[in-house]
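Take the first sequence: its position 433, counting from 1, is numbered 433 in UniProt numbering, and each next residue is one higher.
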Amino acid sequence: MSDKNEKPASAGKLEKIRHSLSHLMSMAISELYPRVGLGVGPVIENGFYQDYDLPEALNPDILPKLEKRMREMIGENIEFKQHQMSFAQALKQYKHDPYKTELIKDLKAAGEKNVSFYKSENFDNLCAGPHVESTKEINPEAFMLTKLAGAYWRGSEKNKMLTRIYGLAFATKQELENHLKMMAEAEKRDHRKLGKELDLFVFSEIVGKGLPLLTPKGTVIRKELEKFVLEEETKRGYQHVVTPNLARVELYKKSGHYPYYKDTMYPMMKVDEEELILRPMTCPHHFELYNSRPRSYKELPLRLAEIAHQYRYEKSGELSGLTRVRMFCLADAHIICAKEQAEDEIKNVLDLIDYSYNIFGLAKGKDYRYRLSLGDRGDNKKFYKDDAAWDKAEGILRKTLEKIGVPYFEAKGEAAFYGPKIDVQMKKINGQEETAFTVQYDFVMPKRFAMKYIDRDGKENEPIVIHRSSIGCFERTMAFLIEHYAGAFPVWLSPTQVKIASVGQAHGEFCQKLAAEFRENGVRAEADDSDETVGNKIRKAVGEKVPYMLVVGDREMASLKLTVRDRGEKTTREIGKQEFIKEVNKKIKNRM
RNA sequence: GCCGAGAUAGCUCAAUGGUAGAGCAAUGGUUUUGUAAACCAUAGGCUGGAGGUUCAAAUCCUCUUCUCGGCUCCA
């Protein structure tokens with residue numbers, strides 16, 4: 001997560017406390033390393049961090065030592081006094097520190113007259129503040145240093161990597177404890193942990209990193225999601241296609257992707273005279289399909305969709321569970337339409353996304369929000385140069401968002417190279433935000449591929465392309481859903497929907513037959529006729545988070561009634577078999 | 001890729017230079033169970049991999065693979 005996405009703490013006292021703690025931390029570090037270089041040290045959500053250039057690597061053992069020293073300082077009622085310094089003075093003071101020197105020069109270039117410092121004891125630090133007046137205002141029990149990390153100076157990987165120390169800080173000890181409790185809860189929901197516990201996916205060192213293997217249970221969820229996508233997209237006028245997972249490298253040179261994505265593409269394979277690559281995206285394949293014959297305006301909008309595997313050689317340190325993988329599968333589509341149809345099509349896509357989110361019980365604003373990702377007219381390297389087209393495209397997306405009346409925020413420089421996009425940003429359980437779905441307006445590819453349609457007047461016209469994913473990348477969406485549901489999937493997604501526990505040996509066969517009957521009726525049922533107590537079988541089924549648990553013994557065999565225990569309930573209910581099958585099927589059909 | 005921390009049985013973890021253990025899971029037996037853990041036994045390991053130091057290495061060192069926390073990047 002980059003700095004720009006970290007929300008500042010609510011202004012006011014807490015911000016002052018956090019900021020002042022970061023100064024105390026720097027004071028403690030300076031005692032150990034007098035010539036330490038000081039990078040940036042902002043207040044962030046729940047705490048603060050500070051970057052240091054140190055002569056040696058730090059061991060995490062240092063954190064409690066620093067904390068201890070900081071607590072001592074808090075007890076000394078150290079004051080924070082602001083004063084101004086001239087640029088000459090400031091530069092002199094930081095002669096040994098290239099980072100502060102650079103910051104001071106930037107301030108000068110920005111037209112400042114002099115610079116603000118905060119002084120506490122011997123520690124005089126370039127800083128705009130604000131700070132508490134005295135450490136008296138800081139609760140020594142309400143902060144902690146949490147982690148060491150590397151971070152590039154000014155966020156660029158071309159620069160030196162500094163050592164970043166993160167801290168948490170609140171007004172009261174109780175708030176700190178609540179936060180830690182929340183983090184521990186979040187950890188329990190981590191999709192990597194649940195994926196293992198619920199037997200949904202695994203990794204194998206010899207298969208390779210970033211390449212998850214879905215187990216039979218995980219595959220049930222995946223296939224249900226695919227069914228949902230196919231069904232919903234078909235309803236909404238998409239046509240599904242199948243195109244190859246590799247292509248000649250020429251295709252990506254033609255599309256212009258090649259120079260932008262070279263580093264994240266798998267290296268080229270040379271076979272006979274052909275140079276092939278695993279595809280990092282599907283777009284050009286779909287454009288070639290479009291171009292396979294002349295198109296009429298009557299065919300537009302042409303919505304080509306594909307559940308498409310894509311391959312990207314992500315840097316190893318960026319891989320993470322199912323959230324970031326090297327082969328992923330996108331619910332992809334390219335809508336080729338006339339310019340005047342674009343707005344309606346974008347609206348339809350946003351509606352599909354909303355509909356999908358509704359199915360998953362995700363709340364707009366809370367679980368996800370819209371980001372309008374814009375280009376940067378000054379950056380011709382990252383973005384295709386055509387200012388007028390960018391202005392127009394961004395205008396259309398902005399207008400669409402305004403029209404449907406959803407709150408959104410704008411982010412400069414986050415667009416694709418070929419056009420602006422609307423990203424649906426999903427909030428993960430640990431507070432991090434990831435792009436889940438995206439709608440992109442593309443005015444570049446139609447030119448590159450010379451895409452045309454014959455308009456009413458018999459003349460050729462150039463369409464535009466809307467790139468979109470409906471439920472995004474299946475791997476990442478599955479990770480979101482595992483965490484969102486904490487592994488207790490709704491009935492339609494549950495790998496096992498009904499677990500049937502036999503009371504004794506005499507009921508085993510009956511249970512197996514019952515499970516088979518459920519399966520014939522479209523319900524994923526499993527019988528547990530193992531030689532265990534009923535209590536233990538229930539315990540296991542609860543652990544698997546199965547939505548329905550049935551216990552079958554003499555009573556059920558005699559009465560034709562089923563005893564059902566619903567997930568999360570401690571009590572049971574009785575229901576007729578046919579009625580139960582109907583109930584479960586209704587939930588499956590309505591995706592509940 | 002970069003900075004830092006890790007990797008012990010299928011899983012969760014012990015063992016701080018001196019014979020690798022436990023619980024759960026698995027397997028075999030006893031038991032025939034009525035809503036969150038029956039009992040007994042067995043098996044399970046080149047301590048991620050390769051080198052090195054040492055009389056002796058899970059433990060110390062080097063390299064390597066993978067994982068985790070960040071940075072950068074991103075669906």
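Even for Gly, the Cβ is constructed at its ideal location relative to N, Cα and C.
Check: Pair within 7 Å by beta-carbon distance, GLN497 and VAL523; Outcome: yes
Check: Under the three-state DSSP convention, the category ARG35 falls into; Outcome: coil
Check: For residue 599, three-class secondary structure by DSSP; Outcome: Since the first and last residues shown for the chain are 1 and 592, residue 599 lies out of range.
Check: Pair within 7 Å by beta-carbon distance, ARG369 and GLN310; Outcome: no
Check: Residues of its chain near LYS589, where Cβ-Cβ distance is below 6 Å and the 5 sequence neighbours each way are ignored; Outcome: none
Check: Alpha carbon of LYS160 to alpha carbon of VAL40, nearest angstrom; Outcome: 13 Å
Check: Rounded Cβ spacing between SER502 and ALA527 (contact assumed at less than 8 Å); Outcome: 7 Å
Check: Identified DSSP bridge partners for SER26; Outcome: Paired residue(s): none; SER26 is not in a bridge.
Check: Segments of 4+ residues assigned as alpha helix (DSSP H) that fall wholly inside the stretch 530-574; Outcome: 534-543, 554-559
Check: Per-residue burial, GLN566 [other beta carbons within 10 Å of its own, 16 or more giving buried]; Outcome: The sequence given here has Asp at residue 566, not Gln. Result: exposed.
Check: Proximity winner among LEU21, GLU475, ARG35, relative to residue 633 (alpha-carbon distances); Outcome: The structure shown does not extend to residue 633, since the chain spans only 1 to 592, so no value can be given for it.
Check: Per DSSP, cross-strand counterpart(s) of THR438; Outcome: ASP423
Check: Exposed unless 16 or more other CB atoms sit within 10 angstroms - verdict on ASP529; Outcome: buried
Check: Whole-angstrom distance between GLU414 and ALA389, CA atom to CA atom; Outcome: 17 Å
Check: Buried/exposed call for TYR453, threshold 16 Cβ in 10 Å; Outcome: buried
Check: Inter-stretch contact (C-beta, 8 Å, three-pair minimum) for the stretch 281-299 and the stretch 445-460; Outcome: yes
Check: Alpha-carbon spacing of TYR118 relative to ILE104, whole angstroms; Outcome: 14 Å
Check: According to DSSP, residues forming a beta bridge with ALA416; Outcome: GLY419
Check: Touching by the beta-carbon criterion (3+ pairs, under 8 Å), the stretch 248-262 and the stretch 313-320; Outcome: no
Check: Minimum C-alpha distance to GLY458 - residue among LYS113, TYR297, ALA128, VAL220; Outcome: TYR297
Check: For GLU483 and ASP190, the rounded distance between their alpha carbons; Outcome: 6 Å
Check: Backbone CA spacing between ARG564 and ILE221 [nearest angstrom]; Outcome: According to the sequence shown, residue 564 is Val rather than Arg. Those two C-alpha atoms are separated by around 23 Å.
Check: Inter-residue spacing [alpha-carbon to alpha-carbon] between ASN5 and LEU14; Outcome: Low confidence applies here, because ASN5 scores a pLDDT of 35, under 50, leaving its location unreliable and the question unanswered by this model.
Check: Own chain, CB closer than 6 Å to LYS587, minus 5 neighbours either side, in chain order; Outcome: VAL491
Check: Chain-order list of residues whose beta-carbon lies under 7 Å from that of CYS127 (same chain, five-residue window excluded); Outcome: SER116, PHE117, TYR118
Check: Beta-carbon separation (whole angstroms), LEU145 vs LEU63, contact threshold 8 Å; Outcome: 4 Å
Check: Nearest-angstrom Cα separation, counted from ASN245 out to PRO267; Outcome: 14 Å
Check: Terminal residues of the alpha helix (DSSP H) in which LYS499 lies; Outcome: Counting along the chain, LYS499 falls outside any alpha helix (DSSP H), though it belongs to the beta strand (DSSP E) covering 498-502.
Check: Helix, strand or coil at CYS127 according to DSSP, with G and I counted as helix; Outcome: coil
Check: Three-pair Cβ contact test at 8 Å for the stretch 459-479 versus the stretch 431-440; Outcome: yes
Check: Where the beta strand (DSSP E) through SER116 begins and ends; Outcome: 115-120
Check: Pairwise C-alpha distance: PRO60 and SER26; Outcome: 16 Å
Check: Residues bridged to TYR453 (per DSSP); Outcome: ASN461
Check: Close beta carbons around SER86, own chain, < 7 Å, minus the five adjacent residues each side; Outcome: ASN114
Check: Where PHE518 falls: helix, strand or coil (DSSP); Outcome: helix
Check: DSSP three-state assignment for PRO490, whether helix, strand or coil; Outcome: coil
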